[in-house]
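Yeah, the sequence shown ends on 370 if you go by numbering that gives the first Met the number 0, and it's all consecutive. Reviewing the structure listed below.
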Amino acid sequence: MPRHRLICILPMRLTVALLVACAACAPGRAQPASPPPSPAAAAECGEPRVDPGERWTDPSPHRCAYVAVNGIRLQYLDWGGRGEPVVLLHGSGSTAHSFDDLAPRLTDRHRVLGLTRRGHGHSDHSDGGYTIAQTAADVLAFLDALGIRRAHLVAHSLAGAEITRLATEHPDRVASLVYLDALPDWQAEWAMVDAPVARPTPAAGFGSMAERVEWLRRYFYGFWTPALEADLRYGRPNREAVDALDADAVPLAPAYAGLRAPVLVIHTTRSLRTRFPWLLEPTAAPGERDAAQAWLNRHHNPNALAVVERFRQQVPGARVVVIEGHHYIHNSNPEPVVAEIRAFLEHSERALRMPPGASHTRRVSRVVVEP
Numbered sequence: 000m001p002r003h004r005l006i007c008i009l010p011m012r013l014t015v016a017l018l019v020a021c022a023a024c025a026p027g028r029a030q031p032a033s034p035p036p037s038p039a040a041a042a043e044c045g046e047p048r049v050d051p052g053e054r055w056t057d058p059s060p061h062r063c064a065y066v067a068v069n070g071i072r073l074q075y076l077d078w079g080g081r082g083e084p085v086v087l088l089h090g091s092g093s094t095a096h097s098f099d100d101l102a103p104r105l106t107d108r109h110r111v112l113g114l115t116r117r118g119h120g121h122s123d124h125s126d127g128g129y130t131i132a133q134t135a136a137d138v139l140a141f142l143d144a145l146g147i148r149r150a151h152l153v154a155h156s157l158a159g160a161e162i163t164r165l166a167t168e169h170p171d172r173v174a175s176l177v178y179l180d181a182l183p184d185w186q187a188e189w190a191m192v193d194a195p196v197a198r199p200t201p202a203a204g205f206g207s208m209a210e211r212v213e214w215l216r217r218y219f220y221g222f223w224t225p226a227l228e229a230d231l232r233y234g235r236p237n238r239e240a241v242d243a244l245d246a247d248a249v250p251l252a253p254a255y256a257g258l259r260a261p262v263l264v265i266h267t268t269r270s271l272r273t274r275f276p277w278l279l280e281p282t283a284a285p286g287e288r289d290a291a292q293a294w295l296n297r298h299h300n301p302n303a304l305a306v307v308e309r310f311r312q313q314v315p316g317a318r319v320v321v322i323e324g325h326h327y328i329h330n331s332n333p334e335p336v337v338a339e340i341r342a343f344l345e346h347s348e349r350a351l352r353m354p355p356g357a358s359h360t361r362r363v364s365r366v367v368v369e370p
């Protein structure tokens, strides 16, 4: 694992289209613990994509189930646990399985659930409704259907727009907010100079699941985990949903200043290891490696830090952490992410028990992760 040191500071858009293309070839009450998964429950996850003759089993200890909301059926994962519920919301093009690595590490103190949004995975792929307003309403209806009065919401990527809307419109339903590389400012990213080195793509597509996995490991992630594999195998690409949600989120000006719940932001900067992993191979051209590093230094990382600073100015009481890692930060850097989330949730629950008017702010911090 990378080493990380904590430095106290006083006072991409994600290539979703590429992933989709690759996949296509009041105080809340403690929730009761859910039953452990069974073979029958595992069948509710739907059929994973496997090659002929291949056998694969999802190793994550969750139960799969469905809930009817707003005229559609959404799949959710239930890792069990006791305590205030935590609801995990995935990024565009992914599924709740992308949290398979993270979720089991929170169940000792929380009931942990993951919702797969409409148009993704084995949730219904509706004829419309692919707006942030609608998917945020789906999250609210999910809480209602499960009898959850208030939850900690953990969002990755696009889901940051959903939890921001839900928290500003229904603050009484939100115990706290966690943004995992989920402060979308895509207008700024699209205005940014394009990366000078293109990610290699297979000319003839993929002949097997093993080839897909190897390409993603080598060129997109630079690493691989069971959660990423489950996310790939249970994913059901829907270009309409991805494009419509991304387009809807772009012009939104997030009303961060209206947030009233405790907030944790874990945002990323990038390195060659986490953005251009194939350029670290011995056969990579030194000129491409230097050009990629210069682009990170001059464009990508300054933009990421500017996004964080704009958020910090709007929500000065938030805990803000910057980590060098992949966009899927909860998969690439699990140790610091889990430690931050666990500490934050514990602090947030203490804050919820404070008398009205008491402060629950924490110092803003920056985490630098060294290779």
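Where is the CB? At the ideal position from N, CA and C, for every residue including glycine.
Between the CA atoms of residue j and residue i - distance to the nearest angstrom
i	j	result
residue 74	residue 332	27 Å
residue 103	residue 77	10 Å
residue 94	residue 264	21 Å
residue 327	residue 180	8 Å
residue 372	residue 352	This structure cannot speak to residue 372, because the chain is shown only from 0 to 370.
residue 307	residue 296	16 Å
residue 172	residue 53	44 Å
residue 205	residue 92	19 Å
residue 258	residue 313	9 Å
residue 106	residue 194	40 Å
residue 311	residue 288	32 Å
residue 44	residue 153	21 Å
residue 340	residue 156	16 Å
residue 211	residue 317	39 Å
residue 219	residue 109	32 Å
residue 164	residue 335	27 Å
residue 398	residue 87	Nothing can be reported for residue 398: it is not among the residues displayed for the chain, which extend from 0 to 370.
residue 213	residue 55	16 Å
residue 167	residue 203	47 Å
residue 200	residue 269	21 Å
residue 319	residue 146	31 Å
residue 256	residue 294	31 Å
residue 17	residue 158	Unreliable placement is indicated for residue 17, whose pLDDT of 46 sits below 50; the coordinate value is still reported in the next sentence. Cα to Cα, the separation comes out at about 19 Å.
residue 345	residue 136	27 Å
residue 144	residue 51	38 Å
residue 62	residue 342	26 Å
residue 315	residue 221	34 Å
Cβ-based neighbour list, residue i, same chain, cut-off 8 Å, excluding 5 preceding and 5 following
i	result
residue 217	276, 277
residue 123	71, 72, 73, 117
residue 304	268, 321
residue 309	184
6 Å Cβ shell around residue i - same chain, five flanking residues per side excluded
i	result
residue 97	89, 226, 230
residue 101	329
residue 347	175, 261
residue 215	none
residue 223	216
residue 111	78, 80, 85, 102, 105
residue 26	In this prediction, residue 26 scores a pLDDT of 35, lower than 50, which makes its location untrustworthy; no coordinate-derived value is stated.
residue 125	71, 117
residue 115	74, 94, 95, 122
CB-CB length for residue i against residue j, believed under 8 Å
i	j	result
residue 273	residue 324	6 Å
residue 271	residue 292	6 Å
residue 149	residue 174	5 Å
residue 120	residue 235	6 Å
residue 58	residue 232	Not confirmed; about 12 Å, so no contact.
residue 151	residue 83	6 Å
residue 350	residue 285	About 51 Å separates the two Cβ atoms, so there is no contact after all.
residue 374	residue 208	Given a span of 0 to 370 for the chain in the structure shown, any question on residue 374 remains unanswerable.
residue 196	residue 290	6 Å
residue 321	residue 266	5 Å
Spatial neighbours of residue i in its chain, beta-carbon cut-off 7 Å, leaving aside the 5 residues before and after
i	result
residue 184	306
residue 160	131, 183, 248, 251, 253
residue 128	117
residue 162	88, 152, 154, 176
Cβ-heavy atom distance, residue i to the ligand SAM, below 7 Å
i	result
residue 342	The model on display carries no ligand, and the ligand SAM is accordingly not part of it.
Does the pairing of the segment 60–73 with the segment 128–148 give three or more beta-carbon distances under 8 Å? yes
So, do the segment 241–259 and the segment 296–308 have three or more beta carbon pairs nearer to each other than 8 Å? no
Which parts of the segment 271–325 are runs of the alpha helix (DSSP H), unbroken and 4 residues or longer, counting only runs that do not cross its ends? 271–274, 285–294, 300–313
Taking only runs that begin and end inside the segment 117–156, name each unbroken alpha helix (DSSP H) of 4 or more residues, in chain order. 131–144
Complete runs of the beta strand (DSSP E) confined to the segment 210–234 [at least 3 residues]: none
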